[in-house]
Amino acid sequence: MNDKLTNCGHQITIMEYAGFPFPTVALKVYTSDLTSLFLWTCPRCKGYTKGFEVIYRDHSTCGEAWVTCSAGDGPHVPVRRGPARAVGRTATAERSGALRQATAAVPCRAATWALAVPSRAGSSSCLRKPLLTAFSALLYLHKREGARLPASPHPIPMPCTRRRGARVFLRMVDACMHGRHAGPTRIDKWKRMGITSNDAAPRAVLLRFLFLLCIGCKCLASEVEATQTATLAVDASPQLARKIPDTLFGIFFEEINHAGAGGIWAELVSNRGFEAGGLHTPSNIDPWSIIGDDSSVFVETDRTSCFSRNIVALRMEVLCDNCPTGGVGVYNPGFWGMNIEEGKVYNLVMFVKSPETTDLTVSLTSSNGLQNLASATVTVSGESNWIKVEQKLVAKGTNRTSRLQITTNKKGVVWFDQVSLMPEDTYKGHGFRTELISMILDLKPRFLRFPGGCFVEGGWLRNAFRWRESIGPWEERPGHFGDVWHYWTDDGLGYYEFLQLAEDLGTEPIWVFNNGVSHNDEVDTVAIAPFVKDVLDSIEFARGSANSTWGSVRAAMGHPEPFPVKYVAIGNEDCGKKFYRGNYLKFYNAIRQAYPDIQMISNCDGSSTPLDHPADLYDFHVYNDSKTLFNMKSTFDRTSRSGPKAFVSEYAVWRGDAGRGSLLASLAEAAFLTGLEKNSDIVSMASYAPLFVNDNDQTYWMQTLFRESSGAMFHPTTISSSYSGSLAASAITWQDSENSFLRVINFGSDAVTLTISTSGLQASINALGSTATVLTSADVMDENSFSNPTKVVPVKSDLSNAAEQMQVTLAPRSFSSFDLALAQSKLVAEM
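Its first residue numbered 1, the sequence shown is counted upward by one per residue in full-length UniProt numbering.
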């Protein structure tokens, strides 16, 4: 018999049927969300009784999970064994009374049972094949003597010549998959599900199974072979065209995920000033470590630095008279290893003090210190004053997980502070990693929003970003603990560097400043005046003349010409907090009076309800699952066309059904962007977040296909199809190039034969020079990785049938970009 249980969006079907060649118990699991299923089963077969737990963690887990019982009689709660990816994160097999009672009826004997799912093969992927509106997988119960069942795409059936039924206990666990403390957030009670069988069952069940199998195969075949049809009409007539803002698509940078420290900023040394451990923890020098042992070298931090704003220094005392070969000292692995490349030059700067003349060896080595990539000897003269040491190191080898070593063979004491190592080759010599900047430039961003994000607010105001502390000579900057994202930043990447980056990228800088509000504390509006003055000073630093108070500081740092700051955001995600509105008005009025041309951005969403305070733009942030974001392509269709413009300053698929950077996520985001283009009369700006999580993944590639949109002409489109609910489209023309481009997207699971009809063009389409670029993959959950960085990338080919009327095929779950060569203009359609 079949028995079903539906709970929290899941349907579990327990079936008995005649397997090949043996009868087999099967569980069929339907699920459509990110949830773990814990199943305990006690099938009675050939005297063996076994309970086991099945973990169905998410749509990205393929493989097997297994458990074993210890030998002997009596009730035993099975012990889980298996690979970490199969049983990690949501691991909770509680020894509840219900479980003991369930397994107490029959002795548990030594055996190994497993539940396995098909391994990934070809275009199929376990637990991911769409069937109707859910995900499905046929899960087989196995029995095999031995330690465990090896991974296999073809499960070994459980041999049962007689069956007396089985008892199945099931519970649901919703799992929190965010952060490092992942685990269940809700555990339902155990529920019993019964199935029965008799000796005559196999024949009848076999017929039923074959019938269901035929139906299933037919459905599957129709699913694989299904092709939808649709028509896309593009009206490119000039009278209906509308110019998209020049600033529509840009980038948002936040110090999160080490995007700056250890990311775009080229500094290789982590905790270069020894401040990260704090003033009162002299033994906390992480990630610095010693070379030698505690009998040969002693290190601690003290407060003897020559820098008044960062007074912590490292004191190293060499204890050995006859030190080991190679010396003793300290090393720094950087941010999970330094990427040292053969032939490149690395500039070492450090401040050192020693009462006696001492030779120090500075080296770049492999992570275990055995491979020497570069080294030099520097002499520290014996004196009581700090000296600045500068040394170039030329790498004679390549190692991606290198470290910096400082060693000596001489007994005595040496102090170190502000130890920096940077590649000589940085973008325009301004300290940014060239290879990452080149990828940003490929996006053709029109603005740079910085430095956050929650990084601006801080968990507490004492840990918020302070622009004054991030300017001036890098060695004098105190740094601070970013308590929202839980790591120390030395603020080498500071306010000045962000302004310089915006200039180097050719983008508009958008300065997001703290408005006296953090996650946990706020400044009363009656006391906000010092914060207002601080912000006015920051704007003077950027825009003031070289003779002004703060403009002169900028000039002294090497930039006498002002930075053209035209946009500022008054806080980040602070709308609704007690003092936000009052504080906002104080900032707004002061900035408007001093700088009437600056555009000010409110944190309050004005897309559905008018703002109750003045603003030029308002923030709109959205993080959601792929289906929701896809449907949000029409969000601004109903927004009032009067009042402030929208700034979609943070958007991403970041939860639920699409992982953290899958093809599915990028398609939903692309559909959302077509809606922003369509509504660009009210949406002025948009930026993905966070920037350096999606580097070289499909979201990045998707955004490159929108890089021509800013400043282009938008044209209305109409989709005609019964399948239109899975399609999204927009079309643009670009006037500044003799080349032309047409781009299109499909979000559905079926292929689509699309007829494109274009009218109103001022020039004909030429097949010669027209191309098609497609972003898709065999599995919609595919992601790029360090081991396979080009798994999902755009593939370009000639478009030989390009014309005003043409037919193309859209692959399932794909973003297709058709670049059409026009005589005088460029057409871009996105779908």
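Note that beta-carbon positions come from the ideal geometry of N, C-alpha and C, so glycine has one too.
Check                                                                                                       : Outcome
Sequence-distant residues of its chain with Cβ nearer than 6 Å to H621 (five each side left out)            : E650
Beta-carbon proximity list for E475, same chain, < 6 Å, skipping 5 on both sides                            : Q418
Residue from G558, V269, L461 whose Cα sits closest to the Cα of S420                                       : V269
Residue range of the alpha helix (DSSP H) that includes D534                                                : 529-543
Length of the line joining the Cα atoms of F249 and P690                                                    : 14 Å
Rounded C-alpha distance that separates W467 from T304                                                      : 25 Å
Those residues which DSSP pairs with P423 across a bridge                                                   : Y346
Pairwise C-alpha distance: G260 and E275                                                                    : 18 Å
Span separating the alpha-carbon of A114 from that of E783                                                  : Low local confidence applies: a pLDDT of 29 at A114 is under 50, so the model's placement there is unreliable, and no value is given.
Per DSSP, cross-strand counterpart(s) of Y567                                                               : I510, Q599
Sequence-distant residues of its chain with Cβ nearer than 7 Å to N647 (five each side left out)            : Reading the sequence as shown, one finds Phe at residue 647 and not Asn. Taken in chain order, the residues that qualify are I601, L617, Y618, D619, F620, S684, M685.
For D359, the three-state DSSP class (helix, strand or coil)                                                : strand
Pairwise C-alpha distance: D779 and N310                                                                    : 51 Å
Cβ-Cβ distance between V553 and G472 below 9 Å                                                              : yes
Cβ shell of T379 (< 6 Å), same chain only, five flanking positions each side left out                       : D359
Enclosing beta strand (DSSP E) for T377 [first to last residue]                                             : 372-380
Whole-angstrom distance between S295 and E254, CA atom to CA atom                                           : 43 Å
Helix, strand or coil at S726 [DSSP, three-state]                                                           : helix
Residue environment, G558, which counts as buried when at least 16 other CB atoms sit within 10 Å           : exposed
Uninterrupted beta strand (DSSP E) stretches inside the region 450-499 (no shorter than 3 residues)         : 480-482, 487-489
Sequence-distant residues of its chain with Cβ nearer than 6 Å to L705 (five each side left out)            : R743, S817
Ranges of the beta strand (DSSP E) found wholly within the region 750-831, counting only runs of at least 3 : 751-759, 765-775, 795-798, 805-810, 814-822, 826-830
Extent of the continuous alpha helix (DSSP H) run through S552                                              : 549-556
Endpoints, alpha helix (DSSP H) assigned at T635                                                            : Taken as a continuous stretch (DSSP letters only), T635 belongs to no alpha helix (DSSP H), as it is neither H nor E.
Beta-carbon separation (whole angstroms), E540 vs W550, contact threshold 8 Å                               : 4 Å
Residue from R446, T628, F455 with nearest C-alpha to K566                                                  : R446
Three-state class that DSSP yields for R400 in the structure shown                                          : strand
Length of the line joining the Cα atoms of S814 and S367                                                    : 42 Å
Rounded straight-line distance, which links the Cα of L499 to that of G506                                  : 11 Å
Limits of the alpha helix (DSSP H) - the one that N583 falls within                                         : 580-594
The region 706-721 in contact with the region 275-286 per 3-pair CB rule at 8 Å                             : no
Backbone secondary structure at E435 - three-state DSSP                                                     : helix
Endpoints, alpha helix (DSSP H) assigned at G329                                                            : That residue, G329, is in no alpha helix (DSSP H); its beta strand (DSSP E) goes 328-332.
Cβ neighbour criterion (16 or more within 10 Å) applied to E317                                             : exposed
Three-way DSSP call (helix, strand, coil) for S283 in this model                                            : coil
Alpha-carbon to alpha-carbon, K353 and R707                                                                 : 51 Å
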